[in-house]
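Heads up, the thing below is written out as structure tokens.
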Amino acid sequence: MDTMELMVRGMTCQGCEEVVEEAVRMADDVDDVDADRYESLVEVHGAVDRDVVAEKVRMAGYGVES
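Under our numbering, think of the first position of the sequence shown as 1, with each following residue one higher.
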């Protein structure tokens, strides 16, 4: 299983983490996702393209560091 980390801007509470996790889970081939507002990180497990995950995060209203 592949793992990637994305730096995500704008997560300030548990609700933000849940919104980001739900958005990323909508992408095909995502096995698991964990958002951490304190570290501004989203860890994604699965064979999914980084650009697809980044777009899901942006569509949820959050910024992604490149």
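Yeah, the Cβ is synthetic: ideal placement off N, Cα and C, and Gly gets one too.
Predicted model only: the values in this text are computed from it and were never measured.
Per DSSP, A23 is one residue of the alpha helix (DSSP H) stretching across 14 to 25.
For V48, the CB contacts under 6 angstroms within the same chain, skipping 5 residues up- and downstream, are A27, D29, V30 in chain order.
Under the DSSP assignment, D28 falls outside any alpha helix (DSSP H); it carries neither an H nor an E label. H45 has its alpha-carbon roughly 7 angstroms from the corresponding atom of M4.
In this structure, V52 keeps its C-beta atom at 8 angstroms or more from the C-beta atom of L6.
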